[in-house]
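Trainee: Can you keep this structure in mind? I'll have questions shortly.
Numbering (the numbering used here), first residue to last: 767 to 1127.
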């Protein structure tokens, strides 16, 4: 009987010893031998139960530790994903946070990716359109460069004629005296398209498709013209004024059209009623000017052309009898008298005519 009860204990002891979880208390109390009394079996079972309980506690602790390790591992993975570098989209992200010790290398690398600027207003190649192409490069890729290096980079990409015109424009200052934003502003003004908003709006309303132009190109021109029209900033009164001015195409309305355009440039809030009043006033002034211009020559003609009835009798009376020379002299003197009296010729001038006649019979 004793050997039958000891067999499972020995089996359990062998299994625990193989798993390496048999503690010191179990080793210090080995199972009773086959010759041990039967009373010791109960205490051994109790001890085994305690050992099993301790084993369960150890397994629970190990399970808890594994859970903590898994949680810690997931946190480490999240931190690693957050610390991974983002894809490089700009050249500046490859550079260290501090300013480079040799910015000329970066300047040379960026200069190779920028084409030279040549102004052509007729082809709509302005500095604004050219700079819009490289705005991202100057604001991001060249962000590691200081302001002076950006000024040098921009100056290097100006054409020879454009650079000479720019340096003459900013005299007595030099390009190195300007900040990058100030240089961009001055170049935009200097090499911009000298076209008013009114001109852009008129061109938008009069745009037409040529016979050789395809529909996609024409659609692009229409889209560009409508964007330049600036519908969002235009009021209803401004559109009415634009239609009014565009309708004054006759040559007789040229002066009024010029005055109205100048008025619309000065007063952006001009209304249709105000322009109508200006048209009426300018037309009245133009009529008065024409009246003055036509009356002045008539008065001079009346003064220079004497009355033939009265003047002929006066000349005949002045001539009188005599030979041919005396009669010719009398005619000249008579004419000088008429001129002196009718057109207020100075007396000295009339006397000069008489003296000339006397000296040259």
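Here a beta-carbon is modelled for each residue, glycine too, at the ideal position from N, C-alpha and C. Quantities reported herein were computed from a predicted structural model and do not represent experimental measurements.
(1) I think residue 1025 touches residue 1044, with their Cβ atoms under 8 Å apart; what is that distance to the nearest whole Å?
(2) Relative to the alpha-carbon of residue 871, which residue among 916, 834, 978, 843 has its alpha-carbon at the smallest distance?
(3) Could you pull out every residue in the same chain whose Cβ sits closer than 7 Å to the Cβ of residue 750, ignoring the five residues on either side in sequence?
(4) From the DSSP output, read off the bridge partner residues of residue 891.
(5) Which residues does DSSP pair with residue 1027 in a beta bridge?
(6) With the cut-off set at 9 Å, would you say residue 1037 and residue 1006 are in Cβ contact?
(7) Can you have a look at residue 816 and say buried or exposed, based on whether 16 or more other CB atoms are within 10 angstroms of its CB?
(8) Under three-state DSSP, which class holds residue 838?
(9) Out of 988, 930, 1050, state which residue places its alpha-carbon closest to the alpha-carbon of residue 971.
(10) Compare the Cα-Cα distances from residue 962 to each of 879, 923, 1030, 1056 and report the closest residue.
(11) Run the CB neighbour count on residue 1009, radius 10 Å, all protein chains shown included, and call it buried at 16 or more, exposed below.
(12) Which residue marks the beginning of the alpha helix (DSSP H) containing residue 1005, and which one marks its end?
(13) Rounded to whole angstroms, what is the Cα-Cα separation between residue 906 and residue 956?
(14) Check whether the Cβ atoms of residue 1054 and residue 1003 lie closer than 9 Å to each other.
(15) Going by C-alpha distance, which of 959, 960, 919, 964 is nearest residue 942?
(16) Strictly by DSSP, which residues pair up with residue 924?
(17) Can you tell me whether DSSP reads residue 980 as helix, strand or coil?
(18) Does the distance from the C-beta atom of residue 986 to that of residue 894 stay below 9 Å?
(19) Could you round the C-beta distance between residue 903 and residue 873 to whole angstroms and report it? I think they count as a contact, below 8 Å.
(20) Tell me where the alpha helix (DSSP H) around residue 946 begins and ends.
(21) What's the gap between the Cα of residue 814 and the Cα of residue 831?
(22) Expressed to the nearest angstrom, what Euclidean distance is found between the alpha-carbon atoms of residue 824 and residue 833?
(23) Measure the alpha-carbon distance for residue 1042 versus residue 1000 and round it to whole angstroms.
(24) What are the boundary residues of the alpha helix (DSSP H) that residue 877 is part of?
(25) Measure the alpha-carbon distance for residue 976 versus residue 1057 and round it to whole angstroms.
(26) Is it buried or exposed for residue 946, if we count other Cβ within 10 angstroms and need 16 for buried?
(27) Pull up the CB-CB distance for residue 882 and residue 923, whole angstroms please, since I reckon it's below 8 Å.
Mentor: Answer, in terms of the structure:
(1) 7 Å
(2) 916
(3) Past the boundaries of the shown model lies residue 750; the chain is included only from 767 to 1127, so the question cannot be answered.
(4) 886
(5) Per DSSP, none; premise fails for residue 1027.
(6) yes
(7) exposed
(8) helix
(9) 988
(10) 1030
(11) exposed
(12) 1002-1012
(13) 25 Å
(14) no
(15) 919
(16) 883
(17) coil
(18) no
(19) Going by Cβ atoms, the distance from residue 903 to residue 873 rounds to 12 Å, so no, they are not a contact pair.
(20) 946-956
(21) 25 Å
(22) 14 Å
(23) 20 Å
(24) 869-877
(25) 46 Å
(26) buried
(27) 6 Å
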